[in-house]
Amino acid sequence: MIACVSPGKSSATQTLNTLRYASALKKQASNPDIAPPGGAEEEDKVPFFKNTTSAEDWNFLSTQLLAHKDVETKEVADHHEKVSMILEEEEVICNTHLEHMHNDANLRKEEEAIFSKFQDEETSDIDEYVTRMIEIISKKKALYQKLEEKVLRLKKHLDE
Numbered sequence: 001m002i003a004c005v006s007p008g009k010s011s012a013t014q015t016l017n018t019l020r021y022a023s024a025l026k027k028q029a030s031n032p033d034i035a036p037p038g039g040a041e042e043e044d045k046v047p048f049f050k051n052t053t054s055a056e057d058w059n060f061l062s063t064q065l066l067a068h069k070d071v072e073t074k075e076v077a078d079h080h081e082k083v084s085m086i087l088e089e090e091e092v093i094c095n096t097h098l099e100h101m102h103n104d105a106n107l108r109k110e111e112e113a114i115f116s117k118f119q120d121e122e123t124s125d126i127d128e129y130v131t132r133m134i135e136i137i138s139k140k141k142a143l144y145q146k147l148e149e150k151v152l153r154l155k156k157h158l159d160e
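Residue numbers for the sequence shown follow the numbering used here, beginning at 1 and rising by one.
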């Protein structure tokens, strides 16, 4: 049997159910007296993902890994840790990006107001205009640098 699993948070339920189903099939293949998975008897033996905690899920996965001697447990655990870190960074980047777009929109409104004021007034003060534009550009630059640092860090981890 080939079982397809995914490290993605959004596929956790399907991954755990697939692993549990594969485990049940393996048990059934090695002992023909066991009913095939999906019957009422098998539901008691293989607890499909319902309302378990992530600790229970990790314990199930660890048990499955330890049952297979050909799998390097430490390597899988390291991979799991990296995937968790990447998912956390992805969430941070999404939140940072959303915050950046909000701040950028506010800065754009401020920039438009300064530009309009400069264009409309006959006695516009070029020094004030330049000073305010430098402030806005500096703020925008800082926002983009913050976002870029987080995206580059995630890219580095994805490339590992």
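Backbone N, C-alpha and C fix where the C-beta goes; we use that ideal spot for every residue, glycine too.
Assigned exposure category for A24 - 16 Cβ within 10 Å defines buried
Buried, because 16 or more other Cβ atoms sit within 10 Å of the Cβ of A24.
Cβ contact (3+ pairs, closer than 8 Å) linking the stretch 141-155 and the stretch 95-103:
yes
Got a sec? Which residues, its chain only, sit under 7 Å from F118 by beta carbon, not counting five neighbours each side?
S124 and Y129
So what's I2 in DSSP terms, helix, strand or just coil?
Coil.
Pull up the distance between the alpha-carbon of A3 and that of T18, whole angstroms please.
7 Å
Measuring alpha carbon to alpha carbon, tell me which of L158, E112 and I86 ends up nearest E133.
Sequence inspection shows Met at residue 133; the Glu mentioned does not correspond to that position. The shortest C-alpha separation from M133 is found at E112.
Name the two residues that bound the continuous alpha helix (DSSP H) containing D159.
I126 to D159
Coarse secondary structure for E90, derived from DSSP in three states
helix
Are the beta-carbon atoms of H157 and K109 separated by less than 9 Å?
In this structure, H157 keeps its C-beta atom at 9 Å or more from the C-beta atom of K109.
For H100, which of K141, E122, T15 and S6 has the nearest alpha-carbon?
K141
Local conformation of E189 per DSSP, three classes
Within the shown structure, residues of the chain are numbered from 1 to 160, placing residue 189 beyond reach of any answer.
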